[in-house]
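Just below is one structure, and these are the notes that go with it.
Residue numbers (my numbering): 9 to 387.
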């Protein structure tokens, strides 16, 4: 079986991003929740195919340099001819004015003008020839590149996509849904003939468990990279704290990582050029939330004057909570209750519920992404 080389692997990884986003979208649709984090940064960037060996780049550059040098010489020769012509014209004018110009000087100038004109003609011919040679070299290079079949440059039998979602622990329900969606998408793509741009290469998922903590997620990526050195891209990790840790590892390896996590810090870190997301960032979601609930509030006749903002301390929840608090302050809406807890740690929601009930707020904003945290307080 043909495997991608290290150089080709990254090219494949970039080209896979569009397909990978589609896979993740199916997985996210099966789950929903903190798995919609990053704005799919426009159709994934595409890396050009590697340079074709049969194109002699140095020869092409030399031909162009020779043409440029010949053109410079032709221009200089033409300028010399113009100077000789001007000198002869001045001498002839003096002779006609009977200023005693020696006829031998005029004859010498005429000879120099003829020589300069001949040199200019020869230089111009050489420049034209060199320019034609450079053009032919460029055409030959283009033809050589076109003559090399794409299949010879970017064909593989199999492309491996790693997945790092929680399949055990508190968030295992997320991983099972994500894997189900991704597996279905890969099956459909392979059944339809594989990746057409890679000569029908089939997709294979390398599935790894992110576990129940950020540390476990990072370790899972390390294991994946050790076990699957040919992996072209990685998908995961749902929880933003998991993704922050996991992408530290993938970024060092230069492997594209596509995530649904939507903490701003997942994709806006300096120096992280291989991390992509396809959900709006947390800081932008507050506007979507308020716009989405307003029709319901209007229909129910509720005016939002006092609110409760509670939720988990996850990497995605905190920036969203902060954005909402700032928005409410700007709008003059009273925040009567605030409270937070560790992700998945709201075992007894009665205390938070009592605070909210006593405050008699108009709207409750529960910014938590573990289903148990949301459903527990809701009940």
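A virtual CB, placed ideally from N, CA and C, is assigned to each residue, including glycine.
Computed from a prediction, not measured in an experiment: that's the story for all the values here.
Endpoints, the alpha helix (DSSP H) within which residue i is located
i	result
residue 336	325-339
residue 198	180-199
residue 358	358-367
residue 293	290-308
residue 227	222-235
residue 257	248-261
residue 80	65-104
Residue i versus residue j - alpha carbon distance
i	j	result
residue 168	residue 147	38 Å
residue 202	residue 288	30 Å
residue 295	residue 332	9 Å
residue 252	residue 183	17 Å
residue 117	residue 143	38 Å
residue 47	residue 328	Because the pLDDT at residue 47 is just 38, under 50, the model does not fix this residue reliably, and the value given afterwards should be weighed accordingly. So the two alpha carbons sit approximately 15 Å from each other.
residue 82	residue 134	8 Å
residue 384	residue 315	19 Å
residue 306	residue 260	50 Å
residue 195	residue 212	9 Å
residue 376	residue 197	34 Å
residue 209	residue 193	15 Å
residue 318	residue 343	10 Å
residue 150	residue 293	48 Å
residue 180	residue 174	5 Å
residue 273	residue 199	37 Å
Given residue i as reference, the closest of the options once Cα atoms are compared
i	options	result
residue 220	234, 177, 354 and 163	177
residue 123	151, 85 and 143	85
residue 132	76, 111 and 104	76
residue 361	347, 210, 227 and 66	347
residue 323	342, 351 and 340	351
residue 241	127, 231, 138 and 170	170
residue 70	218, 263 and 139	139
Delimiting residues of the beta strand (DSSP E) encompassing residue i
i	result
residue 373	371-375
residue 212	210-217
residue 169	166-173
residue 346	342-349
residue 275	Not the beta strand (DSSP E): residue 275 falls in the alpha helix (DSSP H), residues 272-275.
Anticipated Cβ contact below 8 Å, residue i with residue j, distance rounded
i	j	result
residue 254	residue 225	4 Å
residue 370	residue 313	6 Å
residue 120	residue 99	About 11 Å separates the two Cβ atoms, so there is no contact after all.
Contact between the stretch 256-273 and the stretch 241-248: three or more CB pairs below 8 Å? yes
Are at least three pairs of beta-carbons, each pair with one atom in the stretch 270-285 and one in the stretch 295-306, less than 8 Å apart? no
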